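Encoded as C-alpha coordinates, the structure appears first; notes follow it.
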Amino acid sequence: MENVNKNRLFVASCIALLVTAMTFAIRARLETVFGPEGIGLTLEQIGWAFTPAFFGFTLAMIFGGILVDTLGIKKITWLAFITHAIGITWTLLARDQTSLFLATLFVGIGNGMVEAALNPMIASMYSENKTKMLNRFHIWFPGGIVIGSIVGWLIMDVLGLSWQIMVGVLYIPLVIYGLMFWGQLFPVTERVKLGVSNKKMFASVAKPLFIFMVICMFLTAATELGTNQRIESLLKSTVAVPLLVLAFINGIMAAGRAFAGQVVHKLKPEGMLLFSAVFAFLGLWLLTITSGPMTFFAAAVFAVGITFFWPTMLSFVAEYIPESGALGLSIMGGAGMFSVSLILPIMGNIIDNASANDALKIMSALPAILIVLFIALNVYMRKRKTNTKAA
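Residues 82 to 472 in this note's numbering are what the sequence shown spells out, letter by letter.
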(Lines of atoms letter the chains of each structure in order from A and count residues from 1; the text may use other names and numbers.)
(Lines give C-alpha, C1' and ligand atoms only; values in the text may rest on other atoms or scores of the structure.)
Protein backbone atom coordinates (compact mmCIF):
# COMPACT_ATOMS: atom_id res chain seq x y z
CA MET A 1 0.00 0.00 0.00
CA GLU A 2 3.05 2.25 -0.46
CA ASN A 3 1.46 4.31 -3.26
CA VAL A 4 -1.96 4.59 -1.60
CA ASN A 5 -2.68 8.05 -0.22
CA LYS A 6 -4.37 6.90 3.00
CA ASN A 7 -5.18 10.39 4.28
CA ARG A 8 -6.84 11.51 1.04
CA LEU A 9 -8.82 8.28 0.73
CA PHE A 10 -9.92 8.51 4.36
CA VAL A 11 -11.08 12.14 4.03
CA ALA A 12 -12.88 11.36 0.76
CA SER A 13 -14.56 8.39 2.49
CA CYS A 14 -15.74 10.64 5.30
CA ILE A 15 -17.28 13.09 2.81
CA ALA A 16 -19.00 10.20 0.98
CA LEU A 17 -20.47 9.08 4.31
CA LEU A 18 -21.46 12.69 4.95
CA VAL A 19 -23.65 12.55 1.82
CA THR A 20 -25.20 9.31 3.09
CA ALA A 21 -25.97 10.87 6.47
CA MET A 22 -27.33 14.12 5.07
CA THR A 23 -29.85 12.13 3.02
CA PHE A 24 -31.19 10.68 6.30
CA ALA A 25 -31.67 14.12 7.89
CA ILE A 26 -33.14 15.72 4.77
CA ARG A 27 -35.47 12.74 4.27
CA ALA A 28 -36.69 13.21 7.86
CA ARG A 29 -37.54 16.83 6.97
CA LEU A 30 -39.28 15.71 3.75
CA GLU A 31 -41.76 13.76 5.90
CA THR A 32 -43.69 16.97 6.52
CA VAL A 33 -43.37 18.07 2.86
CA PHE A 34 -44.95 14.88 1.52
CA GLY A 35 -47.14 14.17 4.59
CA PRO A 36 -50.77 14.97 5.45
CA GLU A 37 -50.03 18.70 5.83
CA GLY A 38 -48.17 18.85 2.49
CA ILE A 39 -48.66 16.69 -0.60
CA GLY A 40 -51.12 14.50 1.34
CA LEU A 41 -49.53 11.10 1.92
CA THR A 42 -50.30 9.31 5.18
CA LEU A 43 -47.40 8.58 7.54
CA GLU A 44 -47.73 4.89 6.71
CA GLN A 45 -47.49 5.66 2.97
CA ILE A 46 -44.41 7.78 3.62
CA GLY A 47 -42.98 4.89 5.64
CA TRP A 48 -43.36 2.63 2.60
CA ALA A 49 -41.92 5.29 0.27
CA PHE A 50 -38.88 5.62 2.55
CA THR A 51 -38.26 1.87 2.93
CA PRO A 52 -36.05 1.58 -0.21
CA ALA A 53 -33.53 3.82 1.55
CA PHE A 54 -32.99 0.82 3.79
CA PHE A 55 -33.65 -2.31 1.70
CA GLY A 56 -31.86 -0.66 -1.26
CA PHE A 57 -29.01 -0.03 1.14
CA THR A 58 -29.23 -3.67 2.24
CA LEU A 59 -29.10 -5.11 -1.28
CA ALA A 60 -26.27 -2.78 -2.30
CA MET A 61 -24.23 -3.67 0.77
CA ILE A 62 -24.65 -7.42 0.39
CA PHE A 63 -24.02 -7.55 -3.37
CA GLY A 64 -21.32 -4.91 -3.05
CA GLY A 65 -19.70 -6.90 -0.26
CA ILE A 66 -19.61 -10.00 -2.46
CA LEU A 67 -18.25 -8.09 -5.47
CA VAL A 68 -15.80 -5.74 -3.76
CA ASP A 69 -13.08 -8.41 -3.53
CA THR A 70 -13.36 -9.27 -7.24
CA LEU A 71 -14.28 -5.94 -8.86
CA GLY A 72 -12.19 -3.93 -6.43
CA ILE A 73 -12.98 -1.12 -4.02
CA LYS A 74 -12.59 1.54 -6.74
CA LYS A 75 -15.41 0.28 -8.99
CA ILE A 76 -17.85 -0.10 -6.08
CA THR A 77 -17.00 3.44 -4.91
CA TRP A 78 -17.83 4.88 -8.34
CA LEU A 79 -21.09 2.92 -8.40
CA ALA A 80 -21.91 4.71 -5.15
CA PHE A 81 -21.21 8.09 -6.74
CA ILE A 82 -23.37 7.39 -9.82
CA THR A 83 -26.37 6.06 -7.89
CA HIS A 84 -26.12 8.91 -5.38
CA ALA A 85 -26.28 11.40 -8.28
CA ILE A 86 -29.32 9.66 -9.81
CA GLY A 87 -31.12 9.42 -6.46
CA ILE A 88 -30.60 13.07 -5.53
CA THR A 89 -31.78 14.25 -8.96
CA TRP A 90 -34.84 11.98 -8.86
CA THR A 91 -35.73 13.27 -5.38
CA LEU A 92 -35.87 16.79 -6.80
CA LEU A 93 -38.39 15.54 -9.37
CA ALA A 94 -40.52 13.48 -6.94
CA ARG A 95 -44.19 14.46 -6.70
CA ASP A 96 -46.00 11.35 -5.37
CA GLN A 97 -45.44 8.10 -3.46
CA THR A 98 -44.14 6.17 -6.49
CA SER A 99 -41.57 8.76 -7.61
CA LEU A 100 -40.46 9.28 -4.00
CA PHE A 101 -40.08 5.51 -3.65
CA LEU A 102 -37.86 5.26 -6.77
CA ALA A 103 -35.76 8.28 -5.81
CA THR A 104 -35.23 6.85 -2.35
CA LEU A 105 -34.27 3.48 -3.88
CA PHE A 106 -31.34 4.99 -5.80
CA VAL A 107 -30.24 7.02 -2.78
CA GLY A 108 -30.37 3.84 -0.69
CA ILE A 109 -28.28 1.91 -3.23
CA GLY A 110 -25.71 4.72 -3.26
CA ASN A 111 -25.59 4.74 0.54
CA GLY A 112 -25.14 0.96 0.63
CA MET A 113 -22.34 1.04 -1.95
CA VAL A 114 -20.51 3.66 0.15
CA GLU A 115 -20.53 1.33 3.16
CA ALA A 116 -19.81 -1.80 1.08
CA ALA A 117 -16.67 -0.25 -0.40
CA LEU A 118 -15.34 2.03 2.30
CA ASN A 119 -15.76 0.01 5.51
CA PRO A 120 -13.47 -2.78 4.20
CA MET A 121 -11.10 -0.19 2.69
CA ILE A 122 -10.62 1.49 6.06
CA ALA A 123 -10.30 -1.89 7.83
CA SER A 124 -7.61 -2.80 5.30
CA MET A 125 -5.70 0.51 5.48
CA TYR A 126 -5.76 0.60 9.30
CA SER A 127 -5.62 -3.10 10.18
CA GLU A 128 -3.99 -2.40 13.56
CA ASN A 129 -6.60 0.19 14.65
CA LYS A 130 -9.87 -1.05 13.16
CA THR A 131 -12.25 -0.07 15.98
CA LYS A 132 -10.66 3.36 16.41
CA MET A 133 -10.60 4.23 12.70
CA LEU A 134 -14.04 2.79 11.89
CA ASN A 135 -15.47 4.88 14.73
CA ARG A 136 -13.64 7.95 13.37
CA PHE A 137 -15.03 7.23 9.90
CA HIS A 138 -18.51 6.85 11.33
CA ILE A 139 -18.25 10.20 13.10
CA TRP A 140 -19.50 11.53 9.80
CA PHE A 141 -22.77 9.66 9.96
CA PRO A 142 -24.05 11.56 13.00
CA GLY A 143 -21.98 14.55 11.87
CA GLY A 144 -23.74 14.51 8.51
CA ILE A 145 -27.14 14.21 10.18
CA VAL A 146 -26.31 17.30 12.28
CA ILE A 147 -25.30 19.21 9.15
CA GLY A 148 -28.33 17.96 7.20
CA SER A 149 -30.69 18.81 10.06
CA ILE A 150 -29.34 22.34 10.39
CA VAL A 151 -29.40 22.83 6.61
CA GLY A 152 -33.04 21.69 6.52
CA TRP A 153 -34.00 23.93 9.43
CA LEU A 154 -32.22 27.01 8.03
CA ILE A 155 -33.45 26.64 4.45
CA MET A 156 -37.06 25.72 5.16
CA ASP A 157 -37.91 26.99 8.64
CA VAL A 158 -35.73 30.09 9.00
CA LEU A 159 -35.36 31.34 5.41
CA GLY A 160 -38.65 29.90 4.15
CA LEU A 161 -37.10 28.58 0.93
CA SER A 162 -38.27 25.56 -1.06
CA TRP A 163 -37.52 21.97 -0.20
CA GLN A 164 -35.84 21.56 -3.60
CA ILE A 165 -33.07 23.94 -2.51
CA MET A 166 -32.58 21.83 0.64
CA VAL A 167 -32.20 18.66 -1.44
CA GLY A 168 -29.96 20.42 -3.97
CA VAL A 169 -27.39 21.15 -1.25
CA LEU A 170 -26.48 17.43 -1.43
CA TYR A 171 -24.73 18.03 -4.75
CA ILE A 172 -21.96 19.98 -2.96
CA PRO A 173 -20.42 17.11 -0.90
CA LEU A 174 -21.24 14.69 -3.75
CA VAL A 175 -19.01 16.60 -6.19
CA ILE A 176 -16.28 17.04 -3.55
CA TYR A 177 -15.95 13.33 -2.78
CA GLY A 178 -16.03 12.49 -6.50
CA LEU A 179 -13.12 14.87 -7.15
CA MET A 180 -11.16 13.56 -4.16
CA PHE A 181 -11.45 9.93 -5.31
CA TRP A 182 -10.64 10.84 -8.92
CA GLY A 183 -7.33 9.35 -10.09
CA GLN A 184 -6.50 7.71 -6.75
CA LEU A 185 -4.96 4.26 -6.26
CA PHE A 186 -7.18 2.11 -4.00
CA PRO A 187 -5.95 -0.69 -1.70
CA VAL A 188 -7.16 -4.29 -1.88
CA THR A 189 -9.47 -5.59 0.83
CA GLU A 190 -8.06 -7.28 3.92
CA ARG A 191 -9.36 -10.69 2.85
CA VAL A 192 -7.51 -10.45 -0.47
CA LYS A 193 -4.42 -9.19 1.35
CA LEU A 194 -4.51 -12.14 3.77
CA GLY A 195 -5.21 -14.66 1.01
CA VAL A 196 -8.39 -16.01 2.65
CA SER A 197 -10.27 -18.31 0.27
CA ASN A 198 -13.90 -17.84 -0.78
CA LYS A 199 -14.76 -21.12 0.92
CA LYS A 200 -13.34 -19.94 4.25
CA MET A 201 -15.07 -16.56 3.89
CA PHE A 202 -18.49 -18.10 3.28
CA ALA A 203 -17.94 -20.61 6.11
CA SER A 204 -17.14 -17.78 8.51
CA VAL A 205 -20.53 -16.09 8.01
CA ALA A 206 -22.26 -19.33 9.02
CA LYS A 207 -20.53 -19.39 12.42
CA PRO A 208 -22.87 -19.10 15.45
CA LEU A 209 -21.06 -15.98 16.70
CA PHE A 210 -21.55 -14.21 13.37
CA ILE A 211 -25.23 -15.17 13.18
CA PHE A 212 -25.67 -13.93 16.76
CA MET A 213 -24.14 -10.58 15.80
CA VAL A 214 -26.44 -10.29 12.77
CA ILE A 215 -29.46 -10.76 15.05
CA CYS A 216 -28.12 -8.08 17.38
CA MET A 217 -27.54 -5.79 14.39
CA PHE A 218 -31.25 -5.98 13.56
CA LEU A 219 -32.03 -4.58 16.99
CA THR A 220 -29.23 -2.00 17.32
CA ALA A 221 -29.92 -0.46 13.90
CA ALA A 222 -33.69 -0.32 14.42
CA THR A 223 -33.14 1.35 17.81
CA GLU A 224 -30.82 4.00 16.38
CA LEU A 225 -32.02 4.68 12.84
CA GLY A 226 -35.71 3.85 13.25
CA THR A 227 -36.02 6.42 16.03
CA ASN A 228 -33.91 9.08 14.31
CA GLN A 229 -35.64 8.71 10.93
CA ARG A 230 -39.10 9.35 12.43
CA ILE A 231 -38.02 12.05 14.88
CA GLU A 232 -40.42 14.63 13.37
CA SER A 233 -43.47 12.45 13.99
CA LEU A 234 -42.29 11.08 17.34
CA LEU A 235 -41.55 14.42 19.00
CA LYS A 236 -43.70 17.03 17.25
CA SER A 237 -46.16 17.10 20.16
CA THR A 238 -43.49 17.46 22.86
CA VAL A 239 -40.92 19.87 21.38
CA ALA A 240 -41.15 22.86 19.02
CA VAL A 241 -38.48 21.88 16.47
CA PRO A 242 -37.87 18.09 16.41
CA LEU A 243 -35.16 18.48 13.75
CA LEU A 244 -33.03 20.39 16.27
CA VAL A 245 -33.37 17.45 18.68
CA LEU A 246 -32.09 15.23 15.86
CA ALA A 247 -29.13 17.57 15.37
CA PHE A 248 -28.49 17.55 19.14
CA ILE A 249 -28.54 13.73 19.30
CA ASN A 250 -26.16 13.37 16.41
CA GLY A 251 -23.83 16.10 17.67
CA ILE A 252 -23.33 14.04 20.83
CA MET A 253 -22.80 10.93 18.72
CA ALA A 254 -20.15 12.62 16.58
CA ALA A 255 -18.27 13.85 19.65
CA GLY A 256 -18.46 10.41 21.28
CA ARG A 257 -17.11 8.60 18.23
CA ALA A 258 -14.13 10.96 18.14
CA PHE A 259 -13.02 9.50 21.48
CA ALA A 260 -13.90 5.90 20.73
CA GLY A 261 -10.25 4.82 20.92
CA GLN A 262 -10.01 5.61 24.64
CA VAL A 263 -13.40 4.04 25.39
CA VAL A 264 -12.71 0.78 23.55
CA HIS A 265 -9.37 0.43 25.30
CA LYS A 266 -11.20 0.30 28.64
CA LEU A 267 -14.40 -1.56 27.77
CA LYS A 268 -13.48 -3.71 24.71
CA PRO A 269 -16.07 -3.90 21.87
CA GLU A 270 -18.39 -6.26 23.75
CA GLY A 271 -18.33 -4.00 26.83
CA MET A 272 -19.08 -0.94 24.71
CA LEU A 273 -22.12 -2.67 23.26
CA LEU A 274 -23.58 -3.53 26.68
CA PHE A 275 -22.96 0.03 27.89
CA SER A 276 -24.72 1.33 24.77
CA ALA A 277 -27.78 -0.87 25.18
CA VAL A 278 -28.33 0.28 28.78
CA PHE A 279 -28.22 3.98 27.88
CA ALA A 280 -30.32 3.53 24.73
CA PHE A 281 -33.06 1.88 26.81
CA LEU A 282 -32.94 4.61 29.47
CA GLY A 283 -33.03 7.34 26.83
CA LEU A 284 -36.07 5.95 25.00
CA TRP A 285 -37.91 5.41 28.29
CA LEU A 286 -37.16 9.01 29.34
CA LEU A 287 -38.45 10.31 25.99
CA THR A 288 -41.85 8.78 26.82
CA ILE A 289 -42.19 10.84 30.03
CA THR A 290 -40.56 14.19 29.13
CA SER A 291 -41.57 17.25 27.13
CA GLY A 292 -40.22 20.72 26.39
CA PRO A 293 -36.60 21.41 27.41
CA MET A 294 -36.37 18.10 29.34
CA THR A 295 -36.73 16.32 25.99
CA PHE A 296 -33.14 17.37 25.28
CA PHE A 297 -31.94 15.66 28.48
CA ALA A 298 -33.71 12.43 27.49
CA ALA A 299 -32.32 12.78 23.96
CA ALA A 300 -28.80 13.18 25.38
CA VAL A 301 -29.11 9.91 27.31
CA PHE A 302 -30.41 8.18 24.20
CA ALA A 303 -27.56 9.67 22.13
CA VAL A 304 -24.95 8.30 24.53
CA GLY A 305 -26.56 4.91 24.10
CA ILE A 306 -26.58 4.77 20.31
CA THR A 307 -23.21 6.51 19.73
CA PHE A 308 -21.11 3.35 19.49
CA PHE A 309 -23.72 0.86 18.21
CA TRP A 310 -23.09 0.80 14.44
CA PRO A 311 -19.28 1.15 14.19
CA THR A 312 -18.63 -1.15 17.13
CA MET A 313 -20.86 -3.88 15.70
CA LEU A 314 -18.80 -3.67 12.50
CA SER A 315 -15.45 -3.53 14.26
CA PHE A 316 -16.39 -6.50 16.48
CA VAL A 317 -16.86 -8.61 13.34
CA ALA A 318 -13.72 -7.18 11.68
CA GLU A 319 -11.66 -7.91 14.80
CA TYR A 320 -13.00 -11.29 15.94
CA ILE A 321 -14.17 -12.77 12.61
CA PRO A 322 -11.67 -11.19 10.15
CA GLU A 323 -11.92 -14.07 7.66
CA SER A 324 -15.51 -12.93 6.89
CA GLY A 325 -13.91 -9.98 5.08
CA ALA A 326 -15.93 -7.39 3.15
CA LEU A 327 -18.83 -9.84 2.92
CA GLY A 328 -19.14 -10.04 6.70
CA LEU A 329 -19.16 -6.26 7.10
CA SER A 330 -21.69 -5.91 4.30
CA ILE A 331 -24.03 -8.53 5.72
CA MET A 332 -23.90 -6.75 9.08
CA GLY A 333 -24.66 -3.35 7.58
CA GLY A 334 -27.28 -4.81 5.26
CA ALA A 335 -29.03 -6.57 8.14
CA GLY A 336 -29.13 -3.31 10.05
CA MET A 337 -30.66 -1.35 7.21
CA PHE A 338 -33.14 -4.11 6.35
CA SER A 339 -34.40 -4.03 9.93
CA VAL A 340 -35.04 -0.29 9.61
CA SER A 341 -37.01 -0.86 6.39
CA LEU A 342 -39.28 -3.15 8.42
CA ILE A 343 -39.65 -0.90 11.44
CA LEU A 344 -40.52 2.37 9.65
CA PRO A 345 -43.96 1.36 8.29
CA ILE A 346 -44.76 -0.31 11.63
CA MET A 347 -43.91 2.90 13.49
CA GLY A 348 -45.91 4.94 10.98
CA ASN A 349 -48.96 2.72 11.46
CA ILE A 350 -48.72 3.03 15.25
CA ILE A 351 -48.41 6.83 15.08
CA ASP A 352 -51.29 7.10 12.59
CA ASN A 353 -53.66 4.95 14.65
CA ALA A 354 -52.53 5.38 18.27
CA SER A 355 -49.88 7.90 19.38
CA ALA A 356 -46.19 8.72 19.15
CA ASN A 357 -45.70 7.85 22.81
CA ASP A 358 -46.90 4.30 22.15
CA ALA A 359 -44.33 4.00 19.36
CA LEU A 360 -41.56 5.13 21.70
CA LYS A 361 -42.63 2.60 24.34
CA ILE A 362 -42.54 -0.22 21.79
CA MET A 363 -39.11 0.94 20.52
CA SER A 364 -37.71 0.88 24.07
CA ALA A 365 -38.25 -2.90 24.13
CA LEU A 366 -35.50 -3.33 21.52
CA PRO A 367 -32.56 -2.11 23.66
CA ALA A 368 -34.07 -3.95 26.64
CA ILE A 369 -33.65 -7.20 24.68
CA LEU A 370 -30.15 -6.12 23.68
CA ILE A 371 -29.12 -5.71 27.30
CA VAL A 372 -29.77 -9.42 27.86
CA LEU A 373 -28.05 -10.43 24.60
CA PHE A 374 -24.95 -8.32 25.26
CA ILE A 375 -24.62 -9.63 28.81
CA ALA A 376 -24.51 -13.10 27.26
CA LEU A 377 -21.95 -11.90 24.69
CA ASN A 378 -19.68 -10.50 27.40
CA VAL A 379 -19.81 -13.79 29.33
CA TYR A 380 -19.03 -15.76 26.14
CA MET A 381 -16.09 -13.52 25.15
CA ARG A 382 -14.62 -13.71 28.66
CA LYS A 383 -14.74 -17.52 28.52
CA ARG A 384 -13.32 -17.55 25.00
CA LYS A 385 -10.36 -15.37 26.00
CA THR A 386 -9.74 -17.51 29.09
CA ASN A 387 -9.74 -20.68 26.99
CA THR A 388 -7.41 -19.07 24.43
CA LYS A 389 -4.91 -18.14 27.16
CA ALA A 390 -5.11 -21.62 28.68
CA ALA A 391 -4.38 -23.21 25.31
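For glycine and all other residues, C-beta sits at the position ideal for the given N, C-alpha and C. Every value quoted in this text rests on a predicted model; they were computed, and no experiment measured them.
Rounded straight-line distance, which links the Cα of residue j to that of residue i
| i | j | result |
| --- | --- | --- |
| I96 | S285 | 31 Å |
| K280 | I203 | 24 Å |
| A93 | I257 | 8 Å |
| F182 | L315 | 22 Å |
| T304 | G224 | 18 Å |
| A416 | T139 | 7 Å |
| F377 | A335 | 16 Å |
| W221 | N430 | 31 Å |
| G153 | M413 | 20 Å |
| G259 | V453 | 43 Å |
| L441 | P350 | 27 Å |
| T104 | G352 | 31 Å |
| R108 | V421 | 14 Å |
| Q265 | L90 | 8 Å |
| F131 | N468 | 46 Å |
| V385 | L363 | 10 Å |
| G137 | G409 | 18 Å |
| S230 | T212 | 27 Å |
| A399 | P133 | 27 Å |
| W366 | V273 | 45 Å |
| F187 | Y207 | 30 Å |
| V382 | N88 | 33 Å |
| R176 | R463 | 54 Å |
| F162 | G145 | 14 Å |
| E271 | M194 | 18 Å |
Chain B contact for residue i (CB, 8 Å cutoff)
| i | result |
| --- | --- |
| L255 | Note that chain B does not occur in the displayed structure, where there is just one protein chain. |
Residue i CB to nearest heavy atom of the ligand NAP below 7 Å
| i | result |
| --- | --- |
| I412 | This structure lacks the ligand NAP, and indeed carries no ligand of any kind. |
Secondary structure of residue i, DSSP reduced to three states
| i | result |
| --- | --- |
| Y207 | coil |
| G352 | helix |
| G137 | helix |
| P374 | coil |
| N459 | helix |
| V85 | coil |
| G153 | coil |
| S436 | coil |
| I402 | coil |
| F340 | coil |
| S318 | coil |
| E112 | helix |
| G121 | coil |
| I167 | helix |
| A407 | helix |
| A175 | coil |
| I220 | coil |
| R311 | coil |
| F144 | helix |
| T185 | helix |
| T369 | coil |
| F131 | helix |
| F389 | coil |
Where residue i falls, given that 16 or more other Cβ within 10 Å makes a residue buried
| i | result |
| --- | --- |
| P289 | exposed |
| G276 | exposed |
| A328 | buried |
| F340 | exposed |
| V100 | buried |
| I253 | exposed |
| T301 | buried |
| S411 | buried |
| P201 | buried |
| Q245 | exposed |
| V149 | buried |
| N309 | buried |
| A358 | buried |
| S318 | exposed |
**Prompt:** Which ranges does the alpha helix (DSSP H) cover as unbroken runs of at least 4 residues, wholly within the region 232–300, from first to last along the chain?
**Reply:** Taking only runs of at least 4 residues, the alpha helix (DSSP H) segments lying wholly in the region 232–300 are 244–249, 252–262, 271–275, 279–285.
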